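Chains as they are written, first to last, in the numbering used here: chain A, 150 to 314; chain B, 15 to 399; chain C, 32 to 380; chain D, 1273 to 1427.
Note that CB positions come from ideal geometry on N, CA and C, so glycine has one too.
Nothing here was measured: the structure is a model prediction, and the numbers come from that model.
Report on the following structure.
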Amino acid sequence: MSDEQKPVTNIKTPMRLEYRYSAGIATSRFLHGIAQGKILGQRCPSCKKVYVPPRGSCPRCAVATEEEVELSDKGTITTYAVVRVPSENIDVPLPFASVHVLLDGADLPMFSVVQECPLEKIRMGMRVQAVWVPKEQLGPTLQSIRYFKPIDEPDVPADQLRETV
Amino acid sequence: MAERCAIAGIGQTHHTARRDDVSIAGLLREAATRALEDAGMDWPDIEAVVVGKAPDMFEGVMMPELYLADALGCSGKPMLRVHTAGSVGGTTALVAANLVQAGIHERVLTVAFEKQSESNAMWALTVKTPLQASVVAGAGGYFAPLVRSYMNRSGAPDDTGIRVALKDRRNALKNPYAHLRDPNMNFDTIAGSPMLWDPIRLHEACPSSDGACAMVLTSERSVRNTQYKPAWIHATSMRSEPTQFAGQEKVNPQAGRDCAKDLYAKAGITDPRKQIDMAEIYVPFSWFEPMWMENLGFAKVGEGWKMTYEGATALDGDMPVNCSGGVLSSNPIGASGMLRFAEAAMQVRGQAGEHQVDGATIALGHAYGGGSQFFSMWIVGSARP
Amino acid sequence: MRDVAIVSFAQAKNHRRELRNEVEILMPVVQEAVARSGIARPFDFTCSGSSDFLQGQPFAFVMALDAAGAWPPIAESHVEMDGAWALYEAWVKIQTGQAETALVYAFGKSSPGDLPEVLATQLDPYVMAPLWPDSVSLAALQARAWLEKTGKSERDLAEIAVRSLRDAKTNPNATVSGDFDVATLLAAPYVAAPLREHDSAPICDGAAAVVLVAGDRARQVCKRPAWIRGIDHRIEAHALGMRDLTVSASTRLAGEKAGVGKAKVDVAELYAPFSHQEPILREALGLGAGVTINPSGGALTANPMMTAGLIRIGEAATRIWDGSAQRAVAHATSGPCLQQNLVCILEGE
Amino acid sequence: MSETVSDEGGILTAPHVLEYPYRRSVGPVLGRFFTELRAGKLVGVRTQQGRVLVPPQEYDPETGAATTSDFVEVGPGGIVTTWSWVTKPRAKQPLAHSFAWALVKLDGADTAMLHAVDAGDIARMRTGMRVRPRWRAERVGHIHDIECFEPEAAR
């Protein structure tokens, strides 16, 4: 070793762990629906609220959910942000609108993306509809819904969205 | 039946983007030895250790408290590891305090930390899971829509968030441990900084920091005669609610409101803005100051922004908030909650130096985590409860 | 100290591979434990144990809260540890007077990953973890040290496995059980010499829940409450080369503090994920020949990570409730080669 | 359906990889250890009680007290205090063929360190045997600068 070499201050310790992820019962049923171009929520047997995507329970009532409800692929933007910073977990080109969409018939919003709309036109209460991948490309993944796009329907007033941010 | 619990020693590291000069153990020991020294104690005086941090993916060490047991003088002692997401630093302090309040231990060391530079915070917080369309970009991506909802509901002026950020960054200049200490930061630099998660600008967001915080909590009889008198815990509370459910109020979460209500009842506080001298609250994005002012009952719903706007939350205001510079100026996530709790205690001990609120005798420490769903809080005072 | 009792316990069947998500596994377990407790929600305190690394997802415990019943908001906390330590935190909370009732739960899904490799990430990240030693190989270091010190043989270890598997036949939740003979087990190849497959716990997924109640309220809801008469936990040095692996100093200390030796012990549920660890723990706790060890079959027959320690406490409580024991010891462990240990003493009235 | 996604009785499963190239700052004490490894030397550090810890730590694991600044060269040879035998190594482990994990107490050390021993055959392993490091030619200041240990008798 040469005496000029600097003392060691850092080491590299790469980690790669491989797992087999399981989506669970409720999410799998939901994704099977998506593969057929359907959005399936679940209704809480106690409070009757409809969850989408369902996780097999109503956290509010702490009970399991079973009853499936087919939902419209139209909904309303309850709130949103415009993402301009890259994130390793996201494939969407920047900038994009990250939105909470309350599907018609659902009682809590799902997270998605809005496109086919100038970013400055996006607003709370705006009506949107899912844009699906072509039928032959449908699969059991949320990526089957490419994004949501605006539709020509009047905005939903803000006070009707209060509890569904 | 609970024993009184004193905060007898406080220590923290210098927080910075990358503490390249220390190991993980070295980072914790820096905070811990300062807390021990402040308490007039040494490792053998400690009976138990409670460690807190956020996801283990940050450092890539599963349950790192096992490896850290040696570094924290824990051989032959009890050790607990708490993880309640972003609120963990606060919750960890409460778990440690419970050991004293229950009469189980006399002197407990509690340490919270994050060495985020070992990986990348956005990666570690939103690891991509298969079969899901991932559209949430880190914590900013999660919280920005909630901020927009608040802006929309309250009608707050658009520059409220800039004003909060400016206040906290100026406060940080008075805190030698703070991460972001830029004397040239002004309204225009914040307003002109890029929108990362619109409506959140770069300078309205917390940094990613390496850092640790430690406290020595003791029973009344174990308090030693040191430079600063201890702070006393007057009340503690924690509340959690599920991440997402139908009918949930995400902007002004009930778990936070319930937690504050329970806390004030235990501390005998009926008018928080009058009776509490200062507050250190968890504000990772500037708009959360007005949001939490309402959630904590310092302002009416929809009016939290007025406190910021009128300067009430400034160091010389009637309700100073985050005099240390807060999470906006230093954010080692696992430690950030404990820093809030510790800074509140430093204020009532009169040891906050340049960012001291004159005559502070009652202070609030607050932390939250997850999707605005985990809350932990304490009220500390200079007098015995 | 206040009188605190365990009044109910439930666990999932410990499948080798569980495809349900954590909420789907936990929900029925929590509901069963709550129903059996006779206590109506909300509990004064809720505490859980789990570890993100097992399934490789940060914040798995956050989603698990959906199963706990957290609305209206509850006082709740989480340890990144085995649920036995969550139970300790809940017991402490009751001791402070801030709670009279507590719900404790834990879950662990090990099957998605390669558990022995995942556990290598628990080690010192500078000089141990980069070598990726698997947990079975590390336990084997301890096994050899113990065998050579005591003069015991691999046959003695196989006998522990045979007894455990036989006892697990009456445990409907066990992952493995049955009648085996020592010679057959010894004919199997080594996994990591001197350990064979029967010497280490099966990898499985699971969940468990326990309800704690203070004072007379416990007597009202439970015919024969399992009173916690002592509970303590200790940790020791992490580096394997810095401790004597043939003994468990931290278990001995925790046992002394908890008061194991104060009276006769009828039953002990010891969390020994490797066969040789059972005699090390027995010695550390001073448990002689008259003590029934692991009537459930123990961790060698079901080992849901972050949960099996809480299950030991639940199994011990079950022996108090059914009257088969007057005084029982439950033990939990964490970390490589028994680094951290918890001891809980349960007694009937 | 993506070929990596499986339908297992209605439940969907898919591969999930948790991967990050962690870079760790090591602090002054481990920094010294790794610097010496790069030079082909092994050092420990003396505790205030005089014990020599290898690998060196910033603290005495028994007490938490800071260790001294007295670094002590140890080894390179040492004895195996206990060992286990890996028949089928995992991909990330130091050797691709059967080897032993061992705790090795280096000459002059009071504690043992974990590493691999390349003995070729389980029959060549025994507790108390002497081993010495096999150094990697290209050293960077990492625990992997020691490729493994090997029986001294082999030389």
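Distance check between B/K91 and each of B/T105, B/L108, B/P69 and B/V64 places B/V64 closest, using alpha-carbon atoms only. Residues of the stretch 1346 to 1369 of chain D that bring their beta carbon within less than 8 angstroms of a beta carbon in chain C comprise T1353, T1354, W1355, S1356, W1357, V1358, T1359, R1362, K1364, Q1365 and P1366, in sequence order. A check of alpha carbon separations from B/T257 across B/R48, B/A269 and B/W246 identifies B/A269 as the nearest. Chain B places a beta carbon closer than 8 angstroms to that of A/P208, counting this residue as a contact. At the C-beta level, C/E309 and C/S327 stay beyond 8 angstroms of one another. Using a Cβ-Cβ cut-off of 8 angstroms, B/W306 does not count as an interface residue toward chain A, since no Cβ of chain A sits closer than that to its own.
When CB distances to chain D are screened at a threshold of 9 angstroms, the residues of the stretch 30 to 58 of chain B falling below it are R32, R33, D34, D35, V36, S37, I38, A39, G40, L41, R43, A46, T47, D56, W57 and P58, in chain order. Bounds of any beta strand (DSSP E) do not take in B/P304; it lies within the alpha helix (DSSP H) bounded by F302 to N309.
Assignment of A/C210 by DSSP, reduced to helix, strand and coil, places it in the coil class. Under the three-state reduction of DSSP output, B/S163 falls in the helix class. Under the Cβ criterion (8 angstroms, minimum of three pairs), the stretch 38 to 58 of chain B counts as touching the stretch 223 to 231 of chain B.
Per the DSSP secondary-structure output, A/E217 pairs in a beta bridge with A/Q191. For B/M136, the CB contacts under 6 angstroms within the same chain, skipping 5 residues up- and downstream, are G152 in chain order.
Look at A/L251 here: in three-state DSSP terms it is strand. For C/W102, a Cβ of chain A is located within less than 8 angstroms of the residue's own Cβ.
Along the stretch 250 to 275 of chain C, the positions whose C-beta sits under 9 angstroms from a C-beta of chain D are E267, A268, H269, A270, L271, G272, M273 and R274, read in chain order. Taking the CA atoms as reference points, C/M94 sits about 16 angstroms from B/Y156. For B/S131, the closest alpha carbon among the candidates B/G104, B/G74, B/A358 and B/A328 is that of B/G74. Membership of A/N159 in the beta strand (DSSP E) is indicated by the continuous run N159 to S171.
Pairing B/L145 with A/G182, the inter-Cα distance amounts to about 13 angstroms.
Under a criterion of Cβ atoms nearer than 9 angstroms, the residues of chain D adjacent to C/G87 are, in order, H1288, V1289 and L1290. In the structure shown, D/P1366 adopts coil according to DSSP, grouped into three states. Looking at B/D224, B/R235, B/N309 and B/D196, the one whose alpha-carbon comes closest to that of B/H217 is B/D196. Taking the C-beta atoms as reference points, B/F355 is found no nearer than 8 angstroms to B/R253.
Judged by beta-carbon spacing, B/R398 lies beyond the 8 angstroms limit of C/E111, meaning their Cβ atoms are not closer than that value. Taken in chain order, the whole beta strand (DSSP E) runs of length 3 or more contained in the stretch 112 to 198 of chain C are 132 to 140. For B/S254, the pairing in a beta bridge is given by DSSP as B/F388 and C/I105. The Cβ of C/L134 sits no closer than 8 angstroms to any Cβ of chain A. C/R47 and C/T206 do touch by the CB rule: their CB atoms are close to 6 angstroms apart, below 8 angstroms. Assigned with DSSP and collapsed to three states, B/V96 falls in strand.
Taking 8 angstroms as the threshold, the shortest C-beta distance from B/D272 to chain A does not fall below it. For B/G54, the secondary structure class from DSSP, reduced to helix, strand or coil, is coil.
Against A/Y170, the close residues of chain C are P143, in the order they occur along the chain (beta-carbon pairs closer than 7 angstroms).
It is roughly 16 angstroms from the alpha-carbon of B/F299 to the alpha-carbon of A/R233. Secondary structure at B/M199: coil, using DSSP grouped into helix, strand and coil. Cβ neighbours of C/A117 within its own chain (closer than 6 angstroms, five residues either side excluded): C78, S79, G80, V110 and V135.
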